Amino acid sequence: MRPSRIIPWLAALALAGAAAHADIPKRVVSVNLCTDQLAMLVAGPGQLVSVTPLAANPRTSAMAEEAAAIPVNHARAEEVYLLKPDLVIAGRFTDRATVDMLRRLGIRVEEFAPAYALSDVPDRLTRIGALLGQEARAAELVDRFNAQLAELSSSTQDRPQAALYYANGYTSGDASLAGQILRAAGFDNVATGMGYGAIGALPLELLAMADPDVVVTGNPYPGASRSEAIMDHPVVTALKRGRVTGTVTDRNWVCGTPYVLQAVEDLVALRRAVEAGQ
Amino acid sequence: MTRLMASLSLAVAALFVLSLLVGPASIAPLDSLAGLFGGGDGPVAMVMREIRLPRAILAAMIGASLGLAGAAMQGYLRNPLAEPGLIGVSGSAALGAVIAIQTGLSASFALGLPLMALAGALGGVLLVLALAGPRGGSLVLILAGIAISAMAGALTQLVLNLSQNPFAVNEIVFWMMGSLADRSMTHLWLALPFTLLGWVLLASLGRGLDALTLGEDAAEAMGIHLSRLRLVLILGTACVVGAGTAVAGAIGFVGLVVPHLLRPWVGAQPSRLLWASALGGAAMLLAADLAVRLVLPERDLKLGVLTALVGAPLFLHLIYKTRREMP
Numbered sequence: 001m002r003p004s005r006i007i008p009w010l011a012a013l014a015l016a017g018a019a020a021h022a023d024i025p026k027r028v029v030s031v032n033l034c035t036d037q038l039a040m041l042v043a044g045p046g047q048l049v050s051v052t053p054l055a056a057n058p059r060t061s062a063m064a065e066e067a068a069a070i071p072v073n074h075a076r077a078e079e080v081y082l083l084k085p086d087l088v089i090a091g092r093f094t095d096r097a098t099v100d101m102l103r104r105l106g107i108r109v110e111e112f113a114p115a116y117a118l119s120d121v122p123d124r125l126t127r128i129g130a131l132l133g134q135e136a137r138a139a140e141l142v143d144r145f146n147a148q149l150a151e152l153s154s155s156t157q158d159r160p161q162a163a164l165y166y167a168n169g170y171t172s173g174d175a176s177l178a179g180q181i182l183r184a185a186g187f188d189n190v191a192t193g194m195g196y197g198a199i200g201a202l203p204l205e206l207l208a209m210a211d212p213d214v215v216v217t218g219n220p221y222p223g224a225s226r227s228e229a230i231m232d233h234p235v236v237t238a239l240k241r242g243r244v245t246g247t248v249t250d251r252n253w254v255c256g257t258p259y260v261l262q263a264v265e266d267l268v269a270l271r272r273a274v275e276a277g278q
Numbered sequence: 001m002t003r004l005m006a007s008l009s010l011a012v013a014a015l016f017v018l019s020l021l022v023g024p025a026s027i028a029p030l031d032s033l034a035g036l037f038g039g040g041d042g043p044v045a046m047v048m049r050e051i052r053l054p055r056a057i058l059a060a061m062i063g064a065s066l067g068l069a070g071a072a073m074q075g076y077l078r079n080p081l082a083e084p085g086l087i088g089v090s091g092s093a094a095l096g097a098v099i100a101i102q103t104g105l106s107a108s109f110a111l112g113l114p115l116m117a118l119a120g121a122l123g124g125v126l127l128v129l130a131l132a133g134p135r136g137g138s139l140v141l142i143l144a145g146i147a148i149s150a151m152a153g154a155l156t157q158l159v160l161n162l163s164q165n166p167f168a169v170n171e172i173v174f175w176m177m178g179s180l181a182d183r184s185m186t187h188l189w190l191a192l193p194f195t196l197l198g199w200v201l202l203a204s205l206g207r208g209l210d211a212l213t214l215g216e217d218a219a220e221a222m223g224i225h226l227s228r229l230r231l232v233l234i235l236g237t238a239c240v241v242g243a244g245t246a247v248a249g250a251i252g253f254v255g256l257v258v259p260h261l262l263r264p265w266v267g268a269q270p271s272r273l274l275w276a277s278a279l280g281g282a283a284m285l286l287a288a289d290l291a292v293r294l295v296l297p298e299r300d301l302k303l304g305v306l307t308a309l310v311g312a313p314l315f316l317h318l319i320y321k322t323r324r325e326m327p
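Taken in order, these protein sequences are the chains called W and H. Heads up: the first sequence begins at 1 in UniProt numbering, then just goes up one per residue. Heads up: the second sequence begins at 1 in UniProt numbering, then just goes up one per residue.
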């Protein structure tokens, strides 16, 4: 084929490609910590124009460094509208008034439910990939996630008893992401035995009576609070004394991103330490 | 008289024991007593000694403080509406406590929390007495109380909203309504010295308050130093309310309801009302704390919700009575 004939043919191909990708959003704004990180994982250069300030906070976000380069928004309808997005990605629990307002203004808003299980992670990745037109990148991340998870969750006979204990005396059962992280790392959750599904308040008395092998507590935020003081209660201190203890690092535990594997890995190391101590 | 004392003491003792036996962990009564008094450090002993015992002692102690402070203030101002919660003393103490926690003072210095709450309470009492004047007319007293409560409440919320801690905002409810959930012996030791000091100061007011019922001139003639009486009242109230609020939040209405109910039983004599209200307050708060554990055990219902449900109708009744008496 002569070059002069190839050029219009290529041009036609490019046009067809452009038509197929006409709905690929060029200006994506994320207004939720978890969608921030999902979007940063798959977005093409310049495609993601704004994330929330939480995404740049190393305490809450596993991708704080990446987020530092992206302008922030505070999930208010007015500022999001002024960013002229062609797609807004939000969490299921993003303020209804904000989401409704953006939709009234004719902006496409896609909502993501929080992850409640490790199996939700590939699901969320695939969806964000499809939305942002980055299917290949998402598929690659999914494959890598599945392989690493399979590697980490090798079966173990001896499953130590663990309890998750956060601010205000809350705990998580198996029907939550945190509970699933605990299970995948080879622990049995005492809260599940007590009938806790997702998240709920675990009275200190019941924690003391359960007497778990390991107490995994939350990591206090700066600026003291009464809510977090419960993790220094003499009973919790006594349960931790002379035992291996773990910490919930929020950045790896809160969102259903591949970074949950880091949390699983930390807990597997914890379980090894428990086994070594016995 | 002695019968009243005996029955109130009995009620406090019974409620105290009941408080030790009620909790989310179902432990048989005999086992729990064995855990409390026997040796060992198993889970039952830990639950009894580190969770239920401090809770029961704090309920009795703070209830007694609030009853005593209410009776003393009502005696001094000769006004049945004077009550630490209603006139903003508890709110000011909560503000002091919140500032101590948010500035990190309570973490760096153990007594920082009760001392700041005491300072807050002191500010509240001084403001109320300055605004309401020595005679404390009902209208002025209530207006002053509303102003101080609103200001202290707003500043407390402002401090918590400005905090960089994500949990701080949710704690507004605790500081406004009070709770004894998950308190420990540490909290008891923090509050105890100031509370005891406050009790001694307030209990010493009996003779002066009795004399004051005859009017200020008559009391002066009987050798009562009114300015000294006033100072002791201010310090005593600040000590007990500050210490109580620092560890359990602002619990309202106990100081209003208890003296009101017991006044007829002591022949309206302020000195006798003091100790009777202390016992009655202890019984009321122990009962309220039992109720929050029995009614909605999973929800951490706040103490102030229950005391307000009992106290608010009584308060309306008092206003109605006061209005009828006004010209």
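Where is the CB? At the ideal position from N, CA and C, for every residue including glycine. On a predicted model such as this, the values are computed, not experimentally measured, just so you know.
Cβ contact check for the stretch 217 to 235 of chain H and the stretch 247 to 257 of chain H: 3 or more pairs under 8 angstroms: Using a C-beta cut-off of 8 angstroms, the stretch 217 to 235 of chain H makes no contact with the stretch 247 to 257 of chain H, since fewer than three inter-stretch Cβ pairs fall below that distance.
Residue from Gly-88(H), Phe-16(H), Gly-236(H), Gly-35(H) with nearest C-alpha to Leu-141(H): Residue 141(H) sits at position 141 when you count from the first residue of the second sequence. Closest by alpha carbon: Gly-88(H).
Span separating the alpha-carbon of Pro-193(H) from that of Val-200(H): The count along the second sequence starts at 1 and reaches residue 193(H) at position 193. The count along the second sequence starts at 1 and reaches residue 200(H) at position 200. Inter-residue distance for Pro-193(H) and Val-200(H) is about 11 angstroms (C-alpha atoms, whole angstroms).
Three-state secondary structure assigned by DSSP to Ala-268(H): Counting from one through the second sequence, the residue named residue 268(H) turns up at place 268. Ala-268(H) sits in coil when the DSSP states are folded into three classes, being neither helix nor strand.
Cutoff 9 angstroms: Ser-225(W) Cβ touching any chain H Cβ: For the purposes of this step, residue 225(W) is taken as the residue at position 225 of the first sequence. Flagged as an interface residue toward chain H: Ser-225(W), by a C-beta distance shorter than 9 angstroms.
Closest residue to Leu-15(H) among Gly-153(H), Ser-184(H), Ile-251(H), Leu-53(H) (Cα-Cα distance): In the second sequence, the residue the question calls residue 15(H) occupies position 15. For Leu-15(H), the nearest C-alpha among the options comes from Leu-53(H).
Segment contact, 8 angstroms Cβ cut-off, at least three pairs: the stretch 65 to 83 of chain H with the stretch 277 to 294 of chain H: Three or more beta-carbon pairs separated by less than 8 angstroms link the stretch 65 to 83 of chain H to the stretch 277 to 294 of chain H, which places the two stretches in contact.
Run of the beta strand (DSSP E) containing Tyr-170(W), from where it starts to where it stops: Residue numbering aside, residue 170(W) sits at position 170 when the first sequence is read from its first letter. Membership of Tyr-170(W) in the beta strand (DSSP E) is indicated by the continuous run 170 to 172.
Whole-angstrom distance between Asp-289(H) and Ala-62(W), CA atom to CA atom: For the purposes of this step, residue 62(W) is taken as the residue at position 62 of the first sequence. For the purposes of this step, residue 289(H) is taken as the residue at position 289 of the second sequence. Their backbone Cα atoms lie some 42 angstroms apart in a straight line.
DSSP three-state assignment for Leu-318(H), whether helix, strand or coil: Numbered from 1 along the second sequence, position 318 holds the residue referred to as residue 318(H). Taken through DSSP and simplified to helix, strand or coil, Leu-318(H) comes out as helix.
Cβ contact check for the stretch 225 to 235 of chain H and the stretch 42 to 56 of chain H: 3 or more pairs under 8 angstroms: The answer is no - the stretch 42 to 56 of chain H does not touch the stretch 225 to 235 of chain H, with fewer than three Cβ pairs under 8 angstroms.
Any C-beta of chain W under 9 angstroms from that of Pro-84(H): Within the second sequence, the letter at position 84 stands for residue 84(H). Cβ-Cβ to chain W under 9 angstroms: no for Pro-84(H).
Interface flag, Met-46(H) vs chain W, CB-CB below 9 angstroms: Reading the second sequence from its first residue, position 46 is the one you call residue 46(H). For Met-46(H), the answer is yes, since a Cβ of chain W falls inside 9 angstroms of its Cβ.
Which of helix, strand or coil DSSP assigns to Asp-23(W): The residue labelled residue 23(W) in the question sits at position 23 within the first sequence. DSSP, reduced to helix, strand and coil, places Asp-23(W) outside both helices and strands of the structure shown, so it counts as coil.
Chain H contact for Ile-199(W) (CB, 9 angstroms cutoff): For the purposes of this step, residue 199(W) is taken as the residue at position 199 of the first sequence. So, not an interface residue.
Distance between Leu-131(W) and Pro-25(W) (C-alpha atoms, nearest Å): The count along the first sequence starts at 1 and reaches residue 25(W) at position 25. The count along the first sequence starts at 1 and reaches residue 131(W) at position 131. Spanning the two alpha carbons is a distance of roughly 8 angstroms.
Which of helix, strand or coil DSSP assigns to Thr-257(W): Here residue 257(W) refers to the residue found at position 257 of the first sequence. Residue state, collapsed to three classes: coil.
Unbroken beta strand (DSSP E) run spanning Val-28(W), endpoints: The count along the first sequence starts at 1 and reaches residue 28(W) at position 28. Per DSSP, the unbroken beta strand (DSSP E) holding Val-28(W) starts and ends at 28 to 30.
Spatial distance of Met-48(H) from Gly-186(W) (CA atoms): As a working note, residue 48(H) is residue 48 in the second sequence. As a working note, residue 186(W) is residue 186 in the first sequence. The alpha-carbon atoms of Met-48(H) and Gly-186(W) are separated by roughly 32 angstroms.
Closer than 9 angstroms to chain H by CB, Gly-242(W): As a working mapping, residue 242(W) is identified with position 242 in the first sequence. Using a CB distance cut-off of 9 angstroms, Gly-242(W) does not count as an interface residue toward chain H.
Backbone CA spacing between Gly-44(W) and Gln-134(W) [nearest angstrom]: The sequence position of residue 44(W) within the first sequence is 44, counting from 1. The sequence position of residue 134(W) within the first sequence is 134, counting from 1. Spanning the two alpha carbons is a distance of roughly 7 angstroms.
Of the listed residues Thr-257(W), Ile-128(W), Thr-192(W), nearest to Glu-111(W) (C-alpha basis): Reading the first sequence from its first residue, position 111 is the one you call residue 111(W). Comparing Cα-Cα distances from Glu-111(W) to each of Thr-257(W), Ile-128(W), Thr-192(W), the minimum goes to Ile-128(W).
Proximal residues of chain W, C-beta to C-beta of Pro-24(H) below 7 angstroms: Counted from its first residue, the second sequence places residue 24(H) at position 24. For Pro-24(H), the C-beta contacts it makes with chain W under 7 angstroms involve Pro-203, Glu-205, Leu-206, in order along the chain.
Proximal residues of chain W, C-beta to C-beta of Ser-163(H) below 8 angstroms: As a first step, residue 163(H) must be located in the second sequence, where it is residue number 163. Neighbours of Ser-163(H) in chain W, taken as residues at a C-beta separation under 8 angstroms, are given in chain order as Gly-223, Ser-225.
Euclidean distance between Cα positions of Ala-130(H) and Gly-123(H): Within the second sequence, the letter at position 130 stands for residue 130(H). Within the second sequence, the letter at position 123 stands for residue 123(H). Going by the C-alpha atoms only, they are around 10 angstroms apart.
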